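There are 2 protein chains.
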Amino acid sequence: MPIYNAPIRDMQFLLHEVLNLQNYSNLPGFADATPDVIDAFLEESGKWHRDVLTPLNRVGDLEGCKRHDDGSVTTPKGFRQAYDQFRENGFGSIAQDPEYGGQGLPVVLAYAVNEMTSSANHSFAMYPGLSAGAMRAIHAVGSDEQKQTYLPKMTTGEWTGTMNLTEPQCGTDLGLIRSKAVPQEDGTFKISGQKIWISAGEHDMADNIIHLVLARIEGAPDGIKGISLFIVPKFILDENGEPGTRNAVSCGGLEEKMGIHGNATCVMNYDGATGYLIGEEHKGMRAMFIMMNEARLGVGMQGYAASEVAYQNALEFAKDRLQSRSITGTKFPDKPADPIIVHPDVRRMLMDTKAFTEGGRALTYWAALQEDLSHKSQDEAEKQKANDYMALLTPVIKAYLTQKGVQGCQDAMQVFGGSGFVEEWGMSQFYRDARISMIYEGTNGIQALDLVGRKLMADGGRYWQTYFAEIDEFCSDNDGNADLKPFIEGLMKAKGELLEATQWLGMNAMANPDNAGAASHDYLNLFGLTALGFVWAQMAKVAIEKQGEDDPYYKSKLITGKYFVERILPESSAHLAKLKTGAETMMALEADAF
Amino acid sequence: MPIYNAPIRDMQFLLHEVLNLQNYSNLPGFADATPDVIDAFLEESGKWHRDVLTPLNRVGDLEGCKRHDDGSVTTPKGFRQAYDQFRENGFGSIAQDPEYGGQGLPVVLAYAVNEMTSSANHSFAMYPGLSAGAMRAIHAVGSDEQKQTYLPKMTTGEWTGTMNLTEPQCGTDLGLIRSKAVPQEDGTFKISGQKIWISAGEHDMADNIIHLVLARIEGAPDGIKGISLFIVPKFILDENGEPGTRNAVSCGGLEEKMGIHGNATCVMNYDGATGYLIGEEHKGMRAMFIMMNEARLGVGMQGYAASEVAYQNALEFAKDRLQSRSITGTKFPDKPADPIIVHPDVRRMLMDTKAFTEGGRALTYWAALQEDLSHKSQDEAEKQKANDYMALLTPVIKAYLTQKGVQGCQDAMQVFGGSGFVEEWGMSQFYRDARISMIYEGTNGIQALDLVGRKLMADGGRYWQTYFAEIDEFCSDNDGNADLKPFIEGLMKAKGELLEATQWLGMNAMANPDNAGAASHDYLNLFGLTALGFVWAQMAKVAIEKQGEDDPYYKSKLITGKYFVERILPESSAHLAKLKTGAETMMALEADAF
């Protein structure tokens, strides 16, 4: 049975020692999040996730969700009880607005807890995860009445939410949406159409499900500019605000998927369901983007959260499994063979995954803190910078961390040898579940386009210029730190290549826009490497300062960081070399000549 | 329903135009393999694999194999009938020894047909595949009587074979084998023990199953030097050589695996089963290595065969799926959106997979021709060189092509967006099935160790020196070919880095053997890139010569090759940079400090 132990020490290191949350006590909610409070939270949460949620992971995979003839859906055995506990423990409301019953604590703390949920049970985590996305949209563009009506029950988790974008003919290209909204005399709309791949679209864990649905009001302009957003509750609320009449929305089927079997991926049929416009007419995409951007940060987290749990299990296996002797001489003469962790290539896979995962966590928590600052800071400059960084790094975090997280699952599986391919060891599930993270909330290719096509250019390039300047400043500030030198050198080299790539794009993307698309994947990878190089340098700086302390954690952190610089960061040059070859060869074949 | 069309034109290009099989008509069997015969064979085989075997692929995945209470195993519906046709078509005996009923045709032709089987249905392909491995061992070390007894029926496919190595406590480290062989007065042995992960260990497609089993004769030396190989037939043969008494070997269970559900992965229990020693006492590993080396080449083929079929389906999807407009302007104004093949990042995934797959095929066929030469050449120098190349390149082909093949499946899945994650589209199965190829027949990590620890050093480094010299010769011979210049430059750079890495190993592996292990993965990758660079340069040379001809194939080949040089080959530098950092950081953490 696979294990999971929340990496609490690493979380504490980031929250207390690297990000120094205590320095932000001027922000609402941060003063309440003292180190003691955070530690107690992490401790309790870690126990619950280890003991309750982890064992349900394989249950979810084996059992899946079941749709019954009446369209109702049953989640795997134990999910409902676990969800009740999840709600009661307040794990879903940590950073939610206190005005609607949330705890108002830092988003970055919510990320630490959400990471545990995702590592322990990806499928389960999606139920509250999708709900949080729906709440964000309601919070951002809903009327006061809509917020008062829906947010309190969603904050407690009594109701959950969904996002309904995709239709059979439209995924990325939401301008192709056909779902219709017909205005009614009472100001409501009748929503009709079919949505597919709706995660948590129907289930048995909540009293109501609040669907956010993109549809086109009759007579609206064509394309993306005619899309509006609607609230469509599973049960229409009665005069007391309680679930009343069943709405004309139902689950028409469940997808058979590669993974995340414990989450109900629904075909949702809207047959003249009652819907309420949220935000302005024809401006549905605006709300959707608000919801999506923060959701994408959460998906990036799922990437390294998957490699974290896969790594933990591979590490245990590598310490237990006895096979062959160390090439440098027998290490355990009393055993029939040495544990495979003595073999360099096994360590390579473990260290690759560890170095990526710890870097991914640091980058994500840093970004989550930017989310806090973007919402809560009173300093306009700080707020703008946080917004810029969120916008710039979100596609990088979503795509790079999921791609590398999936790779980490694959490497961890490889540590197991043949057992990795046998389902009961659980490594297959980690890969199969994590694989969706490269696809949903905008495929990784779309993230790369968002980065090169939108985020680099926005506000005259201010986002990346500010970010690059911060890297430069860090490097020059720490120029005299001899222990930090390899980190600074590695970072400067990667950042130099990233700058060169950025300039290359500036010179070549205008002449031929396909150059931007052709470069986008490698550019995003180069950006991801540089961003991880930056957080690793920051972590190393702290670890160097504290390495004299009687805690072996700092020494391990420094070695892991050094490994990142030596064994992962050198990939940057290949990405630069590739992207500079441009679009010509890539686009040269006629479709029929493939 | 996923499709598969055998890439016959590409196979013909390699067999007729690059490898020029007609130049080897002095070798036994090659004179019979005229271009016409080969073309007819490929054509017929392509049709059968497309029409019969491809549709059974998903059946096998969904239905899997079933073990019944009596220990018998039923293969998925249709497999047995397809296997009968496979046998009747002679697809399993193409390169087998005519002395035992084989067709005696070139191994490289068998590879082309085996590739089709593997692409169309990986699970199915393993039944004849394992059989071929067992036949190789019997052919190599069996007595004349053993060959006469077993090979004819195995050649026709009436009987199949297996390889029984792994036990619960021993995978890579076969010295830990516990299965026992007790000598009997009649010269036979009683075999007892449990073997796991035995592919095709029990099934309903053949009249007998000939198990090759590694076991330890009572009183044998400890470790690897006390292992012997035995023939253990499912049915002991009667006086007429027909299956008679049921032997005391049975399937105790089937593994639940990530993929290859259509192949029965068995726990095999030997309860005093009658076995016959094959080869010398305590020299079982020698036979096993003969069998394994050629089998590993076949596994490398499975790698690119998987990405071939995944690519074909992704290509069809990319031409059909309409989503968003080309960034350079609408391409299909009459459609609601452009097909996604217009988008550069979709092309990147297609071209990556295409460039790898065609290179992998070329490298594998070249190696298969070396296998022919190593068996059939009368020229001792040619024979030795062929043997050297086989020894050197087999671990590279096995590991690099499976790793990249799995990556190709992942990229092809990504082209599908959300549909890639939905089982009915079939992309998940291609990945899940292919994933085993990185693990079995020696994990890819073991291949890398074999390369740096054994093959580089063998015969004073003769293997790699000969191979590198051949690359140098090709490059200087074609120095004046302007069209070929980018290929030669790319190849020379990669080869230069590979040489540097080889020299680094020479200088550092003696001082600390962990440096070899720590470098092995990146060294193998660097070798794989260089080897693909070499075959791409050779293919490009032919395509350049023929590009004036009225066949668009040559132009596509050149563009694809150029893509390989621009977009894949640059990875070589990163591998060199990584491996030169040595073992120190990788090995620095104590096991408890992870």
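So the protein lines, in turn, are chains A and B.
Residue numbers for the first sequence follow the working numbering, beginning at 1 and rising by one.
Residue numbers for the second sequence follow the working numbering, beginning at 1001 and rising by one.
By construction, the Cβ of each residue, glycine as well, lies at the ideal position given by its N, Cα and C atoms.
Note that this is a predicted model, so its numbers are computed, not measured.
Residues in its own chain within less than 6 Å of residue i by CB, not counting five upstream and five downstream?
i, result
"B:Q1447", "P1395, K1398, A1399"
"A:A120", "Y4, H49, L53, T54"
"B:V1267", "I1196, G1252, G1253"
"B:G1226", "R1216, A1220, H1282"
"A:E115", "M301, A305"
"B:K1485", "none"
"A:D338", "R325, S326, K331, F332"
Under 8 Å Cβ to Cβ from residue i, same chain only, skipping five residues before and after it: list those, please.
i, result
"B:Q1538", "V1018, A1362, F1474"
"A:G244", "F235, I236, L237, D238"
"A:H375", "V107"
"B:T1466", "K1385, D1388, Y1389"
"A:E167", "L176, I177, R178, S179, G193, Q194, K195, I196"
"B:G1157", "Y1083, F1086, R1087, G1092, S1093, P1128, S1131, A1206"
Leaving aside the five residues before and after residue i along the sequence, list all residues of the same chain whose C-beta is less than 7 Å from its C-beta, in chain order.
i, result
"B:G1275", "A1181, T1188, F1189, I1191, V1213, F1230, I1231, V1232"
"B:D1411", "M1349, D1352, T1353"
"A:A140", "A287, I290"
"A:K77", "V59, E63"
"A:G582", "N508, N515, A518"
What's the gap between the Cα of residue i and the Cα of residue j?
i, j, result
"B:Q1503", "B:I1038", "43 Å"
"A:D204", "A:Q81", "11 Å"
"A:K562", "B:Q1323", "43 Å"
"A:L277", "A:A434", "34 Å"
"B:V1415", "A:E441", "15 Å"
"B:G1101", "A:N444", "53 Å"
"A:A516", "A:M586", "12 Å"
"B:S1377", "B:L1579", "38 Å"
"A:T155", "A:Q22", "26 Å"
"B:P1002", "A:A591", "19 Å"
"B:A1494", "A:T402", "30 Å"
"A:T328", "B:A1511", "10 Å"
Which of the three DSSP states is assigned to residue i in this structure?
i, result
"B:N1208", "strand"
"A:Y111", "helix"
"B:K1190", "strand"
"B:Y1270", "strand"
"A:E167", "strand"
"A:L14", "helix"
"A:I340", "helix"
"B:C1065", "coil"
"A:T394", "helix"
"A:Y100", "helix"
"B:T1172", "coil"
Can you round the beta-carbon distance between residue i and residue j to whole angstroms, since I take them to be within the 8 Å contact cut?
i, j, result
"B:V980", "A:E256", "Since the first and last residues shown for chain B are 1001 and 1594, residue 980 of chain B lies out of range."
"B:A1006", "B:G1046", "3 Å"
"A:L42", "A:M11", "6 Å"
"B:P1098", "B:G1090", "Their Cβ separation, rounded to whole angstroms, is 12 Å, which puts B:P1098 and B:G1090 out of contact at 8 Å."
"A:E497", "A:S437", "So it is not a contact: roughly 27 Å between Cβ atoms."
"A:M285", "A:I224", "6 Å"
If the cut-off is 7 Å on Cβ atoms, which residues from the region 1559-1592 of chain B count as contacting chain A, listed in chain order?
When C-beta distances to chain A are compared with 7 Å, the residues of the region 1559-1592 of chain B below that value are I1559, K1562, Y1563, E1566, R1567, P1570, E1571, S1573, A1574, A1577, K1578, T1581, A1583, T1585, M1586, M1587, A1588, L1589, A1591, in chain order.
In chain order, what residues of the region 1369-1403 of chain B put their CB closer than 9 Å to some CB of chain A?
Cβ contacts with chain A come from no residue of the region 1369-1403 of chain B.
Proximal residues, the region 1454-1488 of chain B versus chain A, C-beta separation under 9 Å
Closer than 9 Å at the C-beta level to chain A, one finds no residue of the region 1454-1488 of chain B.
Quick one: which residues of the region 321-339 of chain A get their C-beta closer than 7 Å to a C-beta of chain B? List them in chain order.
Residues passing the 7 Å Cβ filter: Q323, S324, I327, T328, P336, A337.
Along the region 492-520 of chain A, where does the CB come closer than 9 Å to a CB of chain B? Name the residues.
Residues of the region 492-520 of chain A with a C-beta less than 9 Å from any C-beta of chain B: N512, P513, D514, N515, A516, G517, A518, A519, S520, listed in chain order.
Residues in the region 1343-1366 of chain B having any Cβ partner in chain A nearer than 9 Å
Listed by position along the chain: H1343, P1344, D1345, V1346, R1347, R1348, M1349, L1350, M1351, K1354.
At a Cβ cut of 8 Å, what residues of the region 1437-1452 of chain B count as close to chain A, listed as they run along the chain?
From the region 1437-1452 of chain B, only M1438, I1439, Y1440, T1443, N1444, G1445, A1448, L1449 have a Cβ closer than 8 Å to chain A.
In chain order, what residues of the region 247-271 of chain A put their CB closer than 9 Å to some CB of chain B?
Within the region 247-271 of chain A, the residues whose Cβ lies closer than 9 Å to some Cβ of chain B are E255, E256, K257, M258, G259, I260, T265, listed in chain order.
Determine which residues of the region 1415-1439 of chain B have a Cβ less than 7 Å from any Cβ of chain A, and write them out in chain order.
Within the region 1415-1439 of chain B, contact with chain A at the beta-carbon level (separation under 7 Å) is assigned to G1417, G1418, G1420, F1421, V1422, E1423, E1424, S1428, R1435, I1436, M1438, I1439.
Taking a Cβ distance cut-off of 9 Å, strictly less, list which residues of the region 167-181 of chain A are near chain B, in chain order.
Flagged, chain order: Q169, C170, G171, T172, D173, G175, L176.
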